[in-house]
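The structure appears right after this line, and notes come after that.
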Amino acid sequence: QKEVEQNSGPLSVPEGAIASLNCTYSDRGSQSFFWYRQYSGKSPELIMFIYSNGDKEDGRFTAQLNKASQYVSLLIRDSQPSDSATYLCAVRNQGGKLIFGQGTELSVKP
Amino acid sequence: NAGVTQTPKFQVLKTGQSMTLQCAQDMNHNSMYWYRQDPGMGLRLIYYSASEGTTDKGEVPNGYNVSRLNKREFSLRLESAAPSQTSVYFCASRAGTASSHLNIQYFGAGTRLSVL
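For the record, the sequence lines run as chains V and A.
Residues in the first sequence are numbered consecutively from 1, following our numbering.
Residues in the second sequence are numbered consecutively from 1001, following our numbering.
In structure tokens, the structure reads:
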């Protein structure tokens, strides 16, 4: 079992829809969780982080964390073509290392 | 306002050649990291340095060596390049130590390496 798993996609949504990206992790002691966005040929950039159970909202982005289910998600409301990218889930495990999922490719169609 | 700077941006090597990838950060961060990214594999940790003078293996260290030259610089060396090392390499840094869980990790622009 991979330490951090994501659906690789591609996930395709129409412009204006809600995109839902999911991630599960195996280390129950993990304490912090990050979502990075990576455009093709570019480096990852942080868009959200969360460390408490529940929801955290920042503009059109909402991160959701459920530690009991070892599940973290990212919702993108009112999706725009500019949101088309690969989204990487990253989990800081008990040892302090940041472990990445394989990424989910999102395509927002105009 | 440079952040994390990697050189070179692109490199083509022949099998068996050696090279060093350079990384420098100007944010006074304690921890630095080297990742490789392959299609469908996400980012995999090669080596990291929790503080100046220390280095540790990550998930895929074989075939690589690192040097934390000072607080700013963390280099990655391929002693004898192999085609399996064709990848995109990212350096990253963050403020905290390995045990501090909230600090954000910042990435360089990447080095695209091809080994023929």
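Glycine included, C-beta positions come from ideal geometry on N, C-alpha and C.
Since we're looking at a predicted model, the values are computed, not measured.
Expected contact under 8 angstroms - CB spacing of residue i and residue j to nearest Å
i: valine 1004(A); j: alanine 1092(A); result: 7 angstroms
i: alanine 85(V); j: arginine 37(V); result: 5 angstroms
i: serine 79(V); j: glycine 1040(A); result: In fact, because the Cβ distance is near 23 angstroms, the residues do not count as touching under 8 angstroms.
i: glycine 101(V); j: valine 4(V); result: 4 angstroms
i: glycine 1016(A); j: serine 1080(A); result: 5 angstroms
Contact set for residue i: own chain, Cβ-Cβ below 7 angstroms, skip 5 residues either direction
i: glutamine 1011(A); result: Met1019, Thr1111 and Leu1113
i: serine 12(V); result: Ser107 and Lys109
i: valine 1115(A); result: Leu1013, Thr1015, Ala1081, Ala1082, Pro1083, Gln1085 and Thr1086
Beta-carbon proximity list for residue i, same chain, < 6 angstroms, skipping 5 on both sides
i: serine 73(V); result: Asn22 and Gln64
i: glutamine 1022(A); result: Thr1007 and Ser1075
i: tyrosine 71(V); result: Thr24
i: glycine 29(V); result: Gln94
Cβ-based burial, residue i [other Cβ within 10 Å; buried from 16]
i: tyrosine 39(V); result: exposed
i: threonine 104(V); result: buried
i: arginine 77(V); result: exposed
i: isoleucine 50(V); result: buried
i: methionine 1032(A); result: buried
i: proline 81(V); result: exposed
i: glutamine 1085(A); result: buried
i: aspartate 58(V); result: exposed
i: leucine 1013(A); result: buried
i: glycine 1042(A); result: buried
i: proline 14(V); result: exposed
i: methionine 1027(A); result: exposed
i: serine 43(V); result: buried
i: aspartate 55(V); result: exposed
Residue i in three-state terms, based on DSSP
i: proline 14(V); result: strand
i: aspartate 83(V); result: helix
i: serine 30(V); result: coil
i: serine 1084(A); result: helix
i: threonine 1054(A); result: coil
i: isoleucine 50(V); result: strand
i: valine 1060(A); result: coil
i: aspartate 1026(A); result: coil
i: aspartate 1038(A); result: coil
i: lysine 1071(A); result: coil
i: glutamine 1006(A); result: strand
CB of residue i within 8 angstroms of CB of residue j, strictly
i: arginine 92(V); j: serine 32(V); result: yes
i: glycine 1063(A); j: alanine 1050(A); result: no
i: leucine 75(V); j: isoleucine 18(V); result: yes
i: isoleucine 1104(A); j: leucine 46(V); result: yes
i: tyrosine 1106(A); j: arginine 1036(A); result: no
i: leucine 959(A); j: glutamate 1059(A); result: Here chain A comprises residues numbered 1001 to 1116, so residue 959(A) is not present and cannot be evaluated.
i: glutamine 1025(A); j: arginine 1068(A); result: no
i: tyrosine 1047(A); j: threonine 1055(A); result: yes
i: glutamate 1052(A); j: asparagine 1065(A); result: no
Residue i: CB within 7 angstroms of a non-hydrogen atom of the ligand GTP
i: arginine 1094(A); result: With respect to the ligand GTP, the structure offers nothing, as it holds no ligand at all.
Residues near residue i by beta carbon distance below 8 angstroms, same chain, minus five either side
i: lysine 1009(A); result: Ala1109, Gly1110, Thr1111 and Arg1112
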